[in-house]
Each structure stands twice: as structure tokens, then as C-alpha cells.
Amino acid sequence: MVYTYSVSELCTRIQDRIAGDVRLHDVWARGELSNVVNHSSGHRYFTLKDSEAQISCVMFRNHAADLDFALRDGMNVRVFGDVGFYKARGDVQLQVRLISPDTGIGRSAMELEVIRRRLAAEGLFAPERKRHLPKYPERIGIVTSLDGAALRDVVRSLGRYPARIVLSPATVQGDAAAQSMILALRALRGRADVIILCRGGGSAEDLSPFNDEHLARAIAECDAPVISAVGHEVDVTIADLVADARASTPTAAARLAVPDVEEIRLRLRNLEDRMTWAIDSQLERIRSRLDYLGRGVEARQMYALLDRRKIRLRDLSRRLLDAEISILDSRERRLELSRARLDSASPLALLSRGYTMVVGPSGVVCRAADLSRGEDIRLVFSDGEACCRVHGIRIKSTRGGLD
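Take the sequence shown: its position 39, counting from 1, is numbered 1230 in the working numbering, and each next residue is one higher.
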């Protein structure tokens, strides 16, 4: 029959085995520090690592009190202590009693410093290169894991701000994380007014993809401003340095990306109050001006105004009378000229020059052929007329003689 251990029993056996192995007591180890935590209780927690492995370490308060230097990520150290097993979490850890600095800085810290210097020399960290965040973005791009709490924090913090969220999912931890985030950033080209690159806190190893040089260049090449929100306040990555803005958490990044809706409402209410006050003040000034003008018009001013109107009326009357006389004179001259023209064309004018007009029973006789023998006619002169009877008629022939 196979015996089945409970978890507690299994962990107890592991703890006993490690505790009974003299090779795991009073050991020296050297490596690079990471994930250093100086706890308020006085304990020190950190990870000791090299290029191939790592182990969790704890230095309890009674031993940490003798430290004469500060523990920092990237520092090379030598430690002395015992390998133990923390049963409550099932963790193997090195319980450090002594620690001393080793020569030089750690390999990871050295590589990171080389990248920092190279990018700084190219101006990727320069403040003048960083772009201003849009005041009222309409499209907000988010690059993060679909499964992480960072996405929920960002969406919740954006709240009711009326912007379209464009999600470009990426892996944010592990060996493939840097390339995944690069592709996600490129996928947002032309689709976002501001981009939030974020993940929650984690160990130095968890955040290492955000120190990738290629990711830093992809952030710099984005066509929209990028807000980096990686880890917590104490964690500063290369992505934070090259981004246009940095936030301590994804929640803070969301608040940084958009204006506060309540603040906008308050500002609009203040503007409305100021406009109302300005309009009321202007109306009051106009009313006061009208009242002043109404009181300022006295009787003598009214009489002076009336006198000016009378003078203008007399002037207009005189000009109207002059115009009437001028028109009458002009028309009288035209009438005299027309009369003269009519007189010159009148038959009476011809009679005054010695001509005579013959009038028969049917009216004025213009041709001899219109007369009849024995017919009574009248000869009209300029000073009278004579009654005559036709005794004979001679008509001019076509040959020029009289018949």
C-alpha cells in the first residue's frame, strides 16, 4: 500500500532533510543582489543570483542591525548563512547571517548601465524630445496583458471619460515579452492619440523586459505620446526613462492620460457663473447710462434742439421754393420756343408774306383741278377775304403750257 503524504507532512520531511544536511549550513555564496526590500520590521529580503540561477534570501533583524552599508539592486556581494526551508510557503531560502560587498557591480546591472548610457547619448531620455500629452484625447491605446490586473485598473480609472479605448494585448513578462510589446506598440500606429504601456509590480526579473533596448526604441518611434506605468514608485525602468510621461502605477497612468471629468464640470460651472455675472453687469451699466441720459436732457436743451430743427425747416422751404421757380422758368422758356416753332409753321404766317388761300365749299382748295366752273369760292388774305365765282379754269399741261 502506497502512503500518501499531506502537504504539511511533505513540507516537514523536506524541512527535516535540509536541516539535517550539514553541507547546507555555514555556507558562503556570492552573486548579484536584486529585489532588495528593507522591511519596516528591520528584516532584509532580497534575491541572490548569477547568470544561471537565483535563490531567495532573508537576513533577520538581529543580524541586519550590524550592516554598515545599504543593500542595492545590482550590487555584487558575498553572503554567509544557512539554507533553510520556509514551510508556510514551501520556499527554499538562504538565511543570511553575514554579508559583505564583493568587487564590482553585478553583470545585469552592468549591462543595464551600458544600455542606459548608449540611449542617453542618443538623446532618447532628453526632456526636449518628450511630447506633450493631448489635453482631450479621443482614442486611448493600451498595451498590457489581457489577464493582468493592470488592464482592469486602467479601464476603471478612465471611468466615464468619453474616449474610445483601443486595446493592443501583449505579453508583459518572460523572455518573449519585449518583442510582444514592440509588436503591440506598432499595431497602434495611426490608431491612438495617447498610449499607455503598463503592468503591475513585480520583481526585478519580472520587470526586465521593460529594460530592453529594442523596446525603448519602439517607444521613441511611436507616433503618439507614450505613458509608461511599470511596477511601483520605486521601480524605474528604461521604458520609464524613454517614455513621454511616467506614472507610478497603471491607475495613475489612466488619470494622467485624461482630464478629470468632475474638474471639467466644475470649470464649466465657473465659466457659466462668470458669463452670467458679466452679462448682468453689462446690462446694469447700460441701464445706468440710460437713466443718466434721461435725466441729463433739460428743457433748454430741448428748445435748442427745436430751434435747430426750425432753422433747418426754413432752409428746406427756401430751397424748395427756389427749385419751384427754376422749374417754372425753364418750362416757360420751353413753351415760348414751342410757340415760335408753331407760328413759323402756321398758314397765317404765309398769308402775311403775300400768299392767298382758296377755300371752297369742301374746304381749302390745293389744286386747280378741284375747282368747278360757276363754283363760289373765298379768297383768304392776311387782312381779310373776298368772295368770288369761278368763270373759267386753266390747268397746266404735261408739256408745261396751259390748256
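Glycine is no exception: its CB is placed at the ideal position from the N, C-alpha and C atoms.
Residue i - partner residues in DSSP beta bridges
i: ASP1273; result: GLN1286
i: PHE1237; result: CYS1248
i: GLU1523; result: BP columns for GLU1523 are empty, so no partner.
i: GLU1223; result: LYS1240, ASN1267
i: ALA1436; result: ILE1418
i: ASP1567; result: ARG1580
i: ASN1229; result: ARG1235
i: GLY1554; result: GLY1551
i: VAL1218; result: GLY1272
Three-state secondary structure assigned by DSSP to residue i
i: ARG1390; result: strand
i: VAL1449; result: coil
i: ILE1410; result: helix
i: LEU1262; result: coil
i: LYS1278; result: coil
i: SER1291; result: strand
i: ILE1331; result: strand
i: LYS1587; result: strand
i: ARG1544; result: coil
i: HIS1254; result: helix
i: PRO1318; result: helix
i: GLU1475; result: helix
i: HIS1323; result: coil
i: PHE1170; result: Past the edges of the chain, shown from 1192 to 1594, lies residue 1170, and the structure says nothing about it.
i: ASP1338; result: coil
i: ASP1534; result: helix
i: THR1195; result: coil
i: VAL1427; result: coil
i: LEU1596; result: In the structure as shown, the chain starts at 1192 and stops at 1594, and residue 1596 therefore has no counterpart that could be examined.
i: ASP1344; result: helix
i: ASP1212; result: coil
Cβ shell of residue i (< 8 Å), same chain only, five flanking positions each side left out
i: ALA1448; result: LEU1324, PRO1328, ILE1331, LEU1349, VAL1385, ILE1387, ILE1418
i: ASP1282; result: SER1247, PHE1276
i: ILE1290; result: MET1250, LEU1258, LEU1262, VAL1268, ARG1269, VAL1270, PHE1271
i: THR1428; result: LEU1398, PHE1401, ASN1402, SER1419, VAL1421, GLY1422
i: LEU1542; result: MET1548, VAL1571, PHE1572, SER1573
i: ARG1204; result: TYR1196
i: ALA1255; result: GLY1233, HIS1234, ARG1235
i: ARG1660; result: The displayed coordinates of the chain run from 1192 to 1594. Any statement about residue 1660 would go beyond what the structure contains.
i: GLN1284; result: ILE1246, SER1247, CYS1248, VAL1249, VAL1274, GLY1275, PHE1276, TYR1277
i: ARG1564; result: VAL1581, HIS1582, GLY1583, ILE1584
i: TYR1352; result: VAL1449, PRO1450, VAL1452
i: SER1534; result: Sequence inspection shows Asp at residue 1534; the Ser mentioned does not correspond to that position. Cβ within range, chain order: ALA1540.
Presumed contact (8 Å Cβ cut-off) between residue i and residue j, rounded CB distance
i: GLY1420; j: CYS1389; result: It should be noted that the sequence gives Ala, not Gly, for residue 1420. 4 Å between Cβ atoms; contact.
i: GLY1554; j: LEU1562; result: With 8 Å as the limit, GLY1554 and LEU1562 do not qualify as a contact, their Cβ atoms being about 13 Å apart.
i: PRO1416; j: ALA1436; result: 7 Å
i: GLY1222; j: LEU1239; result: 4 Å
i: ALA1369; j: ASP1264; result: About 19 Å separates the two Cβ atoms, so there is no contact after all.
i: LEU1406; j: ALA1430; result: 6 Å
i: VAL1433; j: PHE1316; result: 6 Å
i: LEU1379; j: VAL1357; result: 6 Å
i: ARG1377; j: ALA1411; result: The pair is not a contact, with the Cβ atoms about 13 Å apart (cut-off 8 Å).
Residue i beta carbon near the ligand ZN (any heavy atom closer than 6 Å)
i: ARG1480; result: With respect to small molecules bound, the structure shown includes none, and the ligand ZN cannot be examined in it.
Contact set for residue i: own chain, Cβ-Cβ below 6 Å, skip 5 residues either direction
i: MET1266; result: LEU1224
i: ALA1445; result: VAL1345, SER1348, LEU1349
i: CYS1578; result: ARG1569
i: ALA1361; result: VAL1334, SER1371, MET1372, ALA1375
i: ASP1217; result: none
i: TYR1236; result: VAL1228, VAL1249
i: GLU1566; result: VAL1581
i: LEU1342; result: THR1335
i: GLN1364; result: ASP1397
Same chain, Cβ closer than 7 Å to residue i, five either side skipped, listed in chain order
i: PHE1176; result: Any answer about residue 1176 is impossible in this case: the structure gives the chain only from 1192 up to 1594.
i: LEU1303; result: ASN1402
i: ARG1288; result: HIS1254, PHE1271, GLY1272
i: PRO1538; result: MET1548
Please list the segments of the alpha helix (DSSP H) lying wholly inside the stretch 1352-1397, counting only runs of 4 or more residues, in order along the chain.
As far as the stretch 1352-1397 is concerned, its whole alpha helix (DSSP H) runs of at least 4 residues are 1368-1378.
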